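Trainee:
In the working numbering, the protein residues as written are 470 to 877.
1) Residue 645 to residue 661, Cα distance in whole Å?
2) With H, G and I counted as helix, E and B as strand and the rest as coil, what does DSSP make of residue 675?
3) If residue 696 sits next to residue 573, beta carbons under 8 angstroms apart, how far is it from one beta carbon to the other, in whole angstroms?
4) Using a Cβ-Cβ cutoff of less than 8 angstroms, which residues in the same chain neighbour residue 860 once the five nearest sequence positions on both sides are dropped?
5) Please work out which residues of its chain come closer than 8 angstroms, Cβ to Cβ, to residue 867, disregarding the five sequence neighbours upstream and downstream, and give them in chain order.
6) List the endpoints of the continuous beta strand (DSSP E) containing residue 575.
7) Can you tell me whether residue 776 is buried or exposed, with buried defined as 16 or more other CB within 10 angstroms of its CB?
8) Taking 8 angstroms as the cut-off, decide whether the C-beta atoms of residue 584 and residue 640 are in contact.
9) Taking just the CA atoms, how far does residue 739 sit from residue 796?
10) Using 8 angstroms as the threshold, is the region 679-693 in touch with the region 544-555, meaning 3 or more CB pairs across them?
11) With DSSP as the reference, label residue 629 as helix, strand or coil.
12) Please list, in chain order, all residues of the same chain as residue 670 whose beta carbon is under 6 angstroms from its beta carbon, the five residues on each side excluded.
13) From this set, 537, 712 and 531, which residue's C-alpha is nearest residue 800's C-alpha?
14) Taking the alpha helix (DSSP H) that residue 489 belongs to, which residues open and close that run?
15) Tell me whether residue 669 counts as near the ligand NAD, meaning its Cβ is closer than 7 angstroms to at least one heavy atom of that ligand.
16) Leaving out the 5 sequence neighbours to the left and right, which residues in its chain are closer than 7 angstroms to residue 758 when beta-carbon positions are compared?
17) Buried or exposed: residue 593, going by 16 or more other Cβ atoms within 10 Å of its Cβ?
18) Reducing DSSP to helix, strand and coil, say where residue 767 ends up.
19) Measuring only the C-alpha atoms, how far is residue 736 from residue 857?
20) Going by DSSP in three states, residue 795 sits in which element: helix, strand or coil?
21) Determine which residues share a DSSP beta bridge with residue 684 and list them.
22) Among the residues of its own chain, which have a CB less than 7 angstroms from the CB of residue 792, if the five just before and after it don't count?
23) If I measure Cβ to Cβ from residue 762 and keep anything under 8 angstroms in the same chain, skipping five residues before and after, which residues do I get?
24) Whole angstroms are fine: how far does the CA of residue 489 sit from the CA of residue 667?
25) Just the C-alpha distance for residue 729 and residue 482, rounded to the nearest angstrom, thanks.
26) State the beta-bridge partners of residue 616 as determined by DSSP.
27) On the three-pair Cβ rule with 8 angstroms, is the region 821-830 touching the region 841-850?
28) What residue from 755, 610, 507 and 560 has the CA that sits closest to residue 522's CA?
29) Here's the rule I'm using: 16 or more other beta-carbon atoms within 10 Å means buried, otherwise exposed. How should residue 677 be labelled?
30) Identify, in the order they occur along the chain, each residue of the same chain with its Cβ nearer than 6 angstroms to the Cβ of residue 723, setting aside the five sequence neighbours on each side.
31) I need the DSSP call for residue 743, collapsed to helix, strand or coil.
32) Could you tell me whether the Cβ atoms of residue 750 and residue 706 are closer together than 8 angstroms?
33) What number of angstroms, rounded off, separates the C-alpha of residue 841 from the C-alpha of residue 533?
34) When the Cα atoms are used, what is the spatial distance from residue 838 to residue 508?
35) For my contact list, residue 687 and residue 632 are in at a C-beta cut-off of 8 angstroms; report their separation, rounded to the angstrom.
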């Protein structure tokens with residue numbers, strides 16, 4: 470088991486410098502253009518593929534970092550560049566992780582390469598879970614998957630929403646209900662192969678921030694997928710459903726808590742994204758305060774400005790520490806007895822909103838214009854308190870964990 474440390478090793482430092490260089494040289498110069506266009510930045514994704522950042526191999530290397538710091542470090546640097554473009558680069562990873570976590574070796578080998586394509590023919594994938602009436606309340610999911618035994622096919626019907634790359638993806642991973650009586654334990658994940666009839670893009674959302682990331686509804690109308698597209702296979706699903714039914718009879722809350730623990734482990738990565746955006750806004754504000762003069766001196770000489778910057782830096786460092794602690798705990802198998810995953814996501818996301826707002830204030834009128842990036846960063850930061858569980862949900866998880874009450 471790796472000991473918790475704040476010292477990155479030489480390999481980690483090298484990766485961080487590499488990612489920072491890509492973010493500075495490729496992502497940042499393109500950020501404003503793709504934010505205005507509100508389109509997927511295919512050329513930037515292609516550049517990321519050429520250098521090896523947009524690939525399963527890269528994310529696998531970071532995911533299996535024994536210290537747990539590989540993923541948060543990578544997310545912070547990419548999102549320091551720009552949140553919208555970075556989400557376009559890492560969005561496919563959500564679907565890939567879904568296959569890695571639940572799929573067979575054959576499914577992993579078949580579908581994940583099709584999610585990424587190659588540097589000459591870049592593809593993206595979409596993970597489709599949220600629904601119009603089932604966001605935080607995953608048990609309210611309505612998309613159904615019914616097994617047609619005669620044809621060995623699953624028939625999917627429903628509407629997914631807030632899907633990154635939804636509708637434009639080469640491969641969609643869809644979470645659907647197979648046993649409504651079991652709540653979230655009655656869900657299963659399915660691969661929808663390219664050009665499958667019945668899957669279509671619904672509304673594409675025009676968003677407040679992260680505009681370079683494609684977000685849309687995915688409509689499923691009698692979508693038929695072969696039996697081998699059920700992640701993990703039917704035998705494994707039947708066994709899991711049988712266990713869930715038995716557990717539901719004897720201790721349903723224990724099942725719910727186990728599901729919540731899975732969500733807990735993924736939240737530090739979102740916290741790291743928020744840290745990257747906050748750090749970027751802080752650095753712009755710090756540079757501006759050092760070079761902008763009023764009344765014959767740099768505005769950083771005024772305590773009103775200097776104290777804001779001091780608070781911003783302190784909050785960013787505290788957020789990173791919470792993220793790193795939770796990431797290390799998840800990797801080394803230490804239980805989140807106090808909802809440390811939710812703590813990291815909550816604090817980092819709220820810090821991003823606060824720091825980006827303070828950056829605008831320090832820049833004054835300039836910060837309110839699109840001539841400076843803090844305006845865009847502030848819009849982007851709003852998403853962190855919403856996706857992967859709202860701040861209200863994080864507080865609920867933390868409070869119920871501390872009180873010993875069941876998490877519902």
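By construction, the Cβ of each residue, glycine as well, lies at the ideal position given by its N, Cα and C atoms. Values in this document were obtained by computation on a predicted structure and should not be read as measured data.
Mentor: For this structure:
1) Those two C-alpha atoms are separated by around 12 angstroms.
2) coil
3) Not a contact, Cβ separation roughly 12 angstroms.
4) 815, 818, 819 and 854
5) 807, 808, 811, 812 and 815
6) Residue 575 -> not in any beta strand (DSSP E); alpha helix (DSSP H) instead, spanning 574-585.
7) exposed
8) yes
9) 11 angstroms
10) Segment contact: the region 679-693 against the region 544-555, three or more CB-CB distances shorter than 8 angstroms; contact assigned.
11) Note: residue 629 maps to strand in three-state DSSP.
12) When the five nearest sequence neighbours on each side are left out, the beta carbons in the same chain lying within less than 6 angstroms of the beta carbon of residue 670 are those of 636 and 685, in order along the chain.
13) 537
14) 479-491
15) Among the components modelled here there is no ligand, and therefore nothing to report on the ligand NAD.
16) Close CB contacts of residue 758 within its chain, under the 7 angstroms cut and outside five residues either way in sequence, are with 767, 768, 769, 774, 778 and 831 (chain order).
17) Counting Cβ neighbours within 10 Å, residue 593 comes out buried, since at least 16 surround it.
18) strand
19) 7 angstroms
20) helix
21) 633
22) 541, 737, 740, 741, 744, 813 and 817
23) Closer than 8 angstroms at the Cβ level, and outside the excluded window around residue 762, lie 768.
24) 41 angstroms
25) Low confidence applies to residue 729: its pLDDT is 45, below 50, so where it sits in the model is not reliable enough to give any reading.
26) 623
27) yes
28) 560
29) Exposed, since its Cβ has fewer than 16 Cβ neighbours within 10 Å.
30) In this prediction, residue 723 scores a pLDDT of 46, lower than 50, which makes its location untrustworthy; no coordinate-derived value is stated.
31) helix
32) no
33) 37 angstroms
34) Each residue's alpha carbon lies about 21 angstroms from the other.
35) 5 angstroms
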